Each structure stands twice: as structure tokens, then as C-alpha cells.
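Visitor:
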Amino acid sequence: MDELMQHLGKIRIPRSGDKIYKDECVYSFDTPDTPTGLYISLSTFVGLGQDHVLRYHQQTGNPVFLHLKRTRKEIPSAQQGDGPEKKITRLAIGTAGGFTPDQQKYTYHETYEIVILPNFITIPYPSDDLPEQLELAVKAILEAESAIKLAEVEALAGTWDGEIKAVSKHAANLKQLDNGKKIPPSGWKCEKCELTQNLWLNLTDGSVLCGRKFFDGTGGNDHAVEHYRATGYPLAVKLGTITKEGKGDVFSYDEDDMVEDPNLAVHLSHWGINVAQMEKTDKSMIELELDLNQKFGEWVALQEAASKLTPVYGSGYTGLANLGNSCYLNSVMQMLFIVPDFIKRFVDGAPKIFDQIYNDPANDFNIQMAKLGTGLLSGKYSEEPSKSGSTENDDSRQGIPPRMFKILVGRGHAGFSSNRQQDAQEFLLHLINILDRHSRHQVNPMECFKFRVEERYQCDKSKKVKYTYRPEYILPLPIPLEAAVNKDEVAAYENLKKEAEAKGQKLDSNALVRPRLKLSSCLETFIRSETVEQFYSSALNGRTMAHKTTRLDSFPDYLLIHLRKYTVQEDWTPIKLDVAVEMPDTLDLSFLRGTGLQPGEELLPETTGAEPPPPVYDMDILNELMDMGFPPEACKRALYFTENRGLTDATNWVMHHIADPDIDEPFVPPGVDVNPAGKSSFVADEEAITMVMGMGFTIDQATKALKATDNNVERAIEWIFSHQVELDTQKSGSCDTQAKEVFRDGSPRYKLVGFISHMGTSTMVGHYVCHLLKENRWVIYNDDKVALSENPPKELGYLYLYQRID
Numbered sequence: 003m004d005e006l007m008q009h010l011g012k013i014r015i016p017r018s019g020d021k022i023y024k025d026e027c028v029y030s031f032d033t034p035d036t037p038t039g040l041y042i043s044l045s046t047f048v049g050l051g052q053d054h055v056l057r058y059h060q061q062t063g064n065p066v067f068l069h070l071k072r073t074r075k076e077i078p079s080a081q082q083g084d085g086p087e088k089k090i091t092r093l094a095i096g097t098a099g100g101f102t103p104d105q106q107k108y109t110y111h112e113t114y115e116i117v118i119l120p121n122f123i124t125i126p127y128p129s130d131d132l133p134e135q136l137e138l139a140v141k142a143i144l145e146a147e148s149a150i151k152l153a154e155v156e157a158l159a160g161t162w163d164g165e166i167k168a169v170s171k172h173a174a175n176l177k178q179l180d181n182g183k184k185i186p187p188s189g190w191k192c193e194k195c196e197l198t199q200n201l202w203l204n205l206t207d208g209s210v211l212c213g214r215k216f217f218d219g220t221g222g223n224d225h226a227v228e229h230y231r232a233t234g235y236p237l238a239v240k241l242g243t244i245t246k247e248g249k250g251d252v253f254s255y256d257e258d259d260m261v262e263d264p265n266l267a268v269h270l271s272h273w274g275i276n277v278a279q280m281e282k283t284d285k286s287m288i289e290l291e292l293d294l295n296q297k298f299g300e301w302v303a304l305q306e307a308a309s310k311l312t313p314v315y316g317s318g319y320t321g322l323a324n325l326g327n328s329c330y331l332n333s334v335m336q337m338l339f340i341v342p343d344f345i346k347r348f349v350d351g352a353p354k355i356f357d358q359i360y361n362d363p364a365n366d367f368n369i370q371m372a373k374l375g376t377g378l379l380s381g382k383y384s385e386e387p388s389k390s391g392s393t394e395n396d397d398s399r400q401g402i403p404p405r406m407f408k409i410l411v412g413r414g415h416a417g418f419s420s421n422r423q424q425d426a427q428e429f430l431l432h433l434i435n436i437l438d439r440h441s442r443h444q445v446n447p448m449e450c451f452k453f454r455v456e457e458r459y460q461c462d463k464s465k466k467v468k469y470t471y472r473p474e475y476i477l478p479l480p481i482p483l484e485a486a487v488n489k490d491e492v493a494a495y496e497n498l499k500k501e502a503e504a505k506g507q508k509l510d511s512n513a514l515v516r517p518r519l520k521l522s523s524c525l526e527t528f529i530r531s532e533t534v535e536q537f538y539s540s541a542l543n544g545r546t547m548a549h550k551t552t553r554l555d556s557f558p559d560y561l562l563i564h565l566r567k568y569t570v571q572e573d574w575t576p577i578k579l580d581v582a583v584e585m586p587d588t589l590d591l592s593f594l595r596g597t598g599l600q601p602g603e604e605l606l607p608e609t610t611g612a613e614p615p616p617p618v619y620d621m622d623i624l625n626e627l628m629d630m631g632f633p634p635e636a637c638k639r640a641l642y643f644t645e646n647r648g649l650t651d652a653t654n655w656v657m658h659h660i661a662d663p664d665i666d667e668p669f670v671p672p673g674v675d676v677n678p679a680g681k682s683s684f685v686a687d688e689e690a691i692t693m694v695m696g697m698g699f700t701i702d703q704a705t706k707a708l709k710a711t712d713n714n715v716e717r718a719i720e721w722i723f724s725h726q727v728e729l730d731t732q733k734s735g736s737c738d739t740q741a742k743e744v745f746r747d748g749s750p751r752y753k754l755v756g757f758i759s760h761m762g763t764s765t766m767v768g769h770y771v772c773h774l775l776k777e778n779r780w781v782i783y784n785d786d787k788v789a790l791s792e793n794p795p796k797e798l799g800y801l802y803l804y805q806r807i808d
């Protein structure tokens, strides 16, 4: 007790706004459930595992900790069924109505003690005669909501979680036809086929039609949505989900979302439906999606029907828990941490990162990357059951939940901060930007993926050429369906499917015939010459036609290939192409190598004289396009290339090009220099310059940083720290001086070492899994399940990782 009294002045009572990390160590994935428990600093309220608590004490001098341990005991199976089973009603984990793992299998018991470092002197808690300040501090910590849960709630504020729906804009003044139609209380059937399930009542004209196909092949034949396209009648309610309280699943085709209809009972009575007599007989859309989410493990296993899926454990074989549709994040991070640059920076370099003192380690990106990397590769959290001693906690040690990392990496991003599933390729690009801002004096580990693209334009009239170069991290490849090697089989299958649908039947899923393509067809399409309309030729000082060819000017250490499977149908419906692309184990991409200016070619003159006239946009058409939800830069492109001919032409252009990778990037007319020699279009915000200079930076540094971050002060300051070496080499030059960008380059030969697959019809539903080649064997990473893969579905991937062969 005397030892405790000496340090009483360092014990703080938590106040409002203090972050209390009592769920998980900020440097590792140790929790109160870990055999060694969790140590919570009574000075800073940071939670620490036993491997980190002594180091933290030595860094900060804070000696007093609350040691929290939690043990669980399995409830006898005979007692597990007592009481009603908790119903899952929300697409969330650990929240009211959501998934609560082990909610009825175990009871939990917590024990506490006070620990004083460096000698780990322990004092039981509760205990008589403890100082009041310590009692109050411990009581406040135990009663407070944890920092992680508070951050999750903040991140999810206003996002869709399965219950929050907006009131439809059509609900108040919905048009309903007086066509004499009355809907019976049961016995419904689709008016265009024989389906009797997944039926939707259109609230405007009373038609009863089947819904969309689901991504697992079940559902309807799309007749309800086809009816909306033909009539424009926006609201439909799913029959079978209507309750006595006047609730039901209402979908707005116009708003493209599930909505609330406060007047649903009145709208139903128009069609003779008395809600007081209705009973819910069908699953809601939330329940259906929950069912599909909970079947994912079986679904993934079916992709390797011949595999035994033998679990593997140890270093490099740690899974990641799915934190509410986070499979996209899990797959990307598993793939990145087989790359030496990431291992060197965040695993081998973790001790140096952890040795630095931070006020809030949970919100430091480098620390959380190092925590994730060491958690995945240490093997500490992936122990074989027979070797882990007690079997009581085996299933809790076969994967780690990347909560802090997910919260941190998604902060400020509407999609990645939510519990909705996101696109793995978009997340990868998001991560590239974050890594660039946090690399500071070190090389961005993403540099191993960076390559330079060469684009060659040839003016049709002058025959002069222009070469432009840009950096990329991912190679996007188109899917040329016309190059399928089994077109006859696909055509026969499509005919059979149409015949079955006309009869209200479905083909057996085993009869599915996918278009099969070779990767070489995708690569040939990528490098194929394309016609560029409205090209500004500086030789003519006007617009003309040009031809563009694309090549690679450098070959990175690791090549990421993105198969562009998402596209738009002729009716504007976004779809995912269900194709199989034969991906070879080894690649020779010599034919992709760019050539640069060739003998006999003459360059188009630089636009240093008369500048090309700026594009002129019809603002009425531009506003109409943007009102339809298209990105502003895409709308500008559409008006430029259709020469403002009208809304229909512009809309068709956007729909045809909506899948282009640069569709929403700032538009620069083809042939026009982004920054002509000696000129810069960027103007730094004067107030932003003053704020950055107020942090001690020069005007040149402030201007260059604001230029690189589009006048964002916070990002500009981070940019300066991450580009200090570059800025130091330019102190004597102009702020517009461009440091020569360095690209790694080498052999164009590669071998396949990993791929991420997506199952589903859209990036917003379905499931991602990752396959990695480790120790000359393929391993499947399906969230927290890691197993040997005997039949990896290489042809069904979405993102591929190839390693250069020197």
C-alpha cells in the first residue's frame, strides 16, 4: 500500500471526453479474455497487453494500472435453450438487435486487481482501505463506455444498419389509379410468370409482380422492376411482409433504396387491403440478407467443392474477424502483408514504431498498421487447438478483429466508416492515399506496386504525336465478352434460361455456363488503338480526330491487376459480369513495354503560344445530368464529346462510359496539357497558406503542399511531413519545380501469388475471400477461417497479385 500511496498523484479520475481503451490493447490484439488479461493505465486510460505494458511504463513513467481479466464458462447444453432465442434484426455486430457472438453459450466472470510497475506489485480489488481517488477512478473506468464502442457509434451515425430508412419523397402525394383493382389477402401470383414468392405490389396501379434475382440465384424474374421502367410508378411493397401495425418492406425504384411510407395503411386500403387483418408470412429484405450473410461460409466452401479445407495455424495464417461486412478490408490487408515492403515497414519495423510515445496510440495510423501486421504474422493469435493448452478459449484465438484499424482507416469516409460492404479495389486506392500521407521520411510501401503508364496520341491530320505519362498502382483490364472462347455454349445456355423464365421456372444452378476468356484477350483489348474524338491538336490549333495507344513505361515489383467486371446494361442497370478469366500462373508482359518517341516521329508542339479555348458546357444540360446523380466531371466529359447536342446524347455517353476508371477525375480535354510549360493553373488559397505557414513552414512548402492536396490545410501539413526529403532537395528552386518521380522497373515476367474473389451481383452485397500462395501451397483466407486450398478458383477472381520474376 505504501508503494501505491507514492504514486497517488498520477492516478486520474476519467472525465467526460476521456477515451478509455478497456476492450483491447492499443498495440496488440490482447483483450481481457487473453490469458494474461489487459492492463489499463490509471493515468492515460490506455489498454495494454502484457507484452507492451512494461515498455509503456518505461516510456511514460505512469506506474499504476487496473488489471482486468475475463474468463468464460460454457453453459451446459441442456440450459442453453432456456428462454426465447434472441432474434437478429439488424445488420450489425455487437449492437442491440445485431449479431452477438456466443450470446447464449457462455457466462462471463471478470476479476480485477491493481498492478504497480515496474515490479508488478499487485493489490486485490476491491479491497479495504484503498484510497478514495483510486476507487473513484476504477469505478468510472468500469462504468464508462469503451473508446472503441464510442468510435464505432460515431462512425456509423446516420448510416444504414438495417433499420434506419428515409421517408420516401413519394409517400405524401403518391398517385394511385382508380382502375377498380382489388388485391386479395393471400393467394398471390406474379402477373407475368408462375412465381408465388418474393412478390411486390405496385402502390400506384396495383400490379403484383415478382422481384429481383438475388446474388445466390434465388429471388424473382425482375418483373416488378421491369414494370417500373415501363411505367415510372415508383413505390412497391413486398407482399407477405405487411403487419397489423401498417408496416412492411417498401422499395422506391426512383430513389433506389428501401424507404419508409408513413401512409402505407392508407395506400394499401386503396387496393382493398385491411392491414388489421394482415399477418407477416414472408421474410423481409433484411431477414433475407441476414440469411445470405450467415450462409457465406458454406457458399465459399462450394467454390472449392473438392477441397478438404484443412485449417492451418501459426505465423502468417491468422484470420481477420468480419466486423459487419468488412470482408473487403480483411481480404486486402491479408494480401498486402505477404509483400516484403509491408513486412519490412510494419512488422520488422514495429518495435521502432511502438517505441515512440504518442498521446493516443489508437489513432496513430503507423501504430495501427504495425499492430495489424504483427497480429497477422506473429502466430500468437492463431494457435492449433491441440497446442494451445486449455481448450476453453480455443475458438477465440483463431482470428483477430481489426476494430481500431477499421475505425481509423474509415474515418471521414462515408462508405468505409459504415457497416455496408465496399469495393475492395476502391478501398485499396483509399489506403494508397492514406499511406502516402503517413510515410513521412520513409518510402511508401505502396511504391512496390507503382508503375508508369505511357499514352501515345497521333493526330490524324498532322500525323504528329504526343506522349503523356501518369503513375498508376493498379492495372485495370476490360472484359471483352466478344472474345469468349465458348460463345456457342453461352448462347445455348441463355436460350434455355429464357425459355425457362417464360414458363416461370429456373434452371438448375449446376447448369450455369459462364463466358470463358483468356487473360491475353483482356490485355490485347487494353493496348488496342482507340479513336479519340474532339482531340485538341496544337499543330492545327483546333480539334480533330486522334488515335491513342496505351503501354507500360515501367514494370513494378508487384503488379496488381483489376478485372473490370462491373458495368452497366443497356437499361442502365448496374451489373457484375459473371465470367471466368483464365489467369496463368506465370506472365510475360514484354509486349506491353512502351517505346517512347521513335525515329521518324515528330512531336506535337507544346501549347506555349495561343492557348486552346476552354470547353463550353450547356449549363442547363449539365445541371440536368447532375440532377440524375452522375458525377460532375463525367457530365462535363459527356457534354464535351457530344458537343452539347442534347440531354439524350449526353446521357447515353455517360452510361456507355460510366465504368471508365477516370470517369469522375478532373476533366482535361484530350490533347490539352494539364500544366503547359512555364504555367500553372493552380492558385493557392491565401488563408490556407497563412495557416500552413503559421505551423512554421515556408511559403514554397505551403504552396506545393496545398497544390498537392487541393487546398486542404490538414492534408497539406501531413503532406509536408511525408515529403520532407523531396522538399529539402528543392529549397533553392521554385515551388513549381517538379521532383522527378522514381519508378521501380525490371523484368516484365511475373508469377501469380494471390487473388481476391468477390461473390455477388454488386460491390455492395456478396462476399470477398482471399487466396494466397504461401510455402508453395495455396491458402484460402475467409475472414477468420484460414485453410489449405486444393482447388483455388483462379479464374473467378476480381483483384490479382503478381510478383516479378527476376
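This note's numbering applies: residue 3 is where the sequence shown begins, and numbers increase by one.
Ideal Cβ placement from N, Cα and C applies to all residues, glycine included.
Values in this document were obtained by computation on a predicted structure and should not be read as measured data.
1) Taking only heavy atoms of the ligand ATP into account, decide whether any of them is closer than 8 Å to the Cβ of residue 356.
2) Quick check on DSSP: helix, strand or coil for residue 686?
3) Rounding to the nearest angstrom, what Cα-Cα distance links residue 601 and residue 466 in this structure?
4) Tell me whether the segment 253-262 and the segment 174-187 touch, counting them as touching only if at least three CB pairs, one residue from each stretch, are closer than 8 Å.
5) Return the chain-ordered ranges of every beta strand (DSSP E) run that is complete within the segment 748-781 and spans a minimum of 3 residues.
6) If you scan the segment 210-294 from start to end, which runs of the beta strand (DSSP E) of 3 or more residues do you find wholly inside it?
7) When you compare the CB positions of residue 577 and residue 802, do they come within less than 9 Å of one another, or not?
8) Can residue 491 and residue 515 be called in contact, C-beta distance under 9 Å?
9) To the nearest angstrom, how far is it from the Cα of residue 762 to the Cα of residue 479?
10) Contact between the segment 524-541 and the segment 772-784: three or more CB pairs below 8 Å?
11) How would you label residue 697, buried or exposed, when you count the other beta carbons within 10 angstroms and need 16 or more for buried?
12) Work out the CA separation of residue 754 and residue 587 for me, nearest whole Å.
13) To which residues of the same chain is residue 126 closer than 6 Å at the C-beta, ignoring the five residues directly before and after it?
14) Determine which residues share a DSSP beta bridge with residue 824 and list them.
15) Secondary structure at residue 332, three-state DSSP: helix, strand or coil?
16) Determine the direct distance from the alpha carbon of residue 370 to that of residue 364, and round the result to whole angstroms.
17) For residue 758, count the other beta carbons within 10 Å of its own beta carbon; 16 or more makes it buried, fewer makes it exposed. Which is it?
18) Assign residue 543 to one of three DSSP states: helix, strand, or coil.
19) Consult DSSP for residue 133 and reduce its assignment to one of helix, strand or coil.
20) On a Cα-Cα basis, can you pick out the residue from 38, 29, 136 that is closest to residue 16?
21) Around the Cβ of residue 128, are there at least 16 other Cβ atoms within 10 angstroms (buried) or fewer (exposed)?
22) Is residue 552 helix, strand or coil when you go by DSSP?
23) Along the chain, where does the beta strand (DSSP E) containing residue 806 start, and where does it finish?
24) Thinking C-alpha only, which one of 283, 326, 232 is nearest residue 408?
25) Between the Cα of residue 10 and those of 60, 138, 70, spot the shortest distance and give me the residue it belongs to.
26) From which residue to which residue does the alpha helix (DSSP H) around residue 655 run?
27) Roughly how many angstroms separate the alpha carbons of residue 474 and residue 635, rounded to a whole number?
28) Does the contact criterion of 3 or more C-beta pairs under 8 Å hold for the segment 179-188 versus the segment 54-69?
29) Who are residue 532's beta bridge partners in DSSP?
30) Quick check: the Cα distance between residue 494 and residue 33, rounded to an integer number of angstroms?
31) Ordered along the chain, which non-local residues of its own chain (more than five positions away) have a Cβ less than 8 Å from that of residue 198?
32) Using DSSP with H/G/I as helix, E/B as strand and the rest coil, what is residue 592?
33) Could you tell me the boundaries of the beta strand (DSSP E) in which residue 789 lies?
34) Just how far apart, CA to CA, sit residue 1 and residue 534?
35) So is residue 362 buried or exposed if we call it buried at 16+ other beta carbons inside 10 Å?
36) Helix, strand or coil for residue 703? Go by DSSP, reduced to three states.
Guide: So, from the data block:
1) No copy of the ligand ATP appears in this structure; indeed no ligand is present at all.
2) coil
3) 12 Å
4) no
5) 751-761, 769-776
6) 210-212, 237-240, 252-254, 259-261
7) no
8) yes
9) 20 Å
10) Contact fails between the segment 524-541 and the segment 772-784, because fewer than three Cβ pairs, one in each stretch, are under 8 Å apart.
11) exposed
12) 5 Å
13) 115
14) Any answer about residue 824 is impossible in this case: the structure gives the chain only from 3 up to 808.
15) Residue 332 falls in the helix class under three-state DSSP.
16) 7 Å
17) buried
18) coil
19) coil
20) 136
21) exposed
22) strand
23) 799-806
24) With distances taken between CA atoms, residue 408 lies nearest to 326 out of 283, 326, 232.
25) When the alpha-carbon of residue 10 is set against those of 60, 138, 70, the nearest one is in 138.
26) 649-659
27) 20 Å
28) no
29) 550
30) 56 Å
31) Only 190, 191, 192 meet the Cβ criterion.
32) helix
33) 787-790
34) There is simply no residue 1 to check, as the chain begins at 3 and stops at 808 in what is shown.
35) Answer is exposed; the Cβ neighbour count stays below 16.
36) helix
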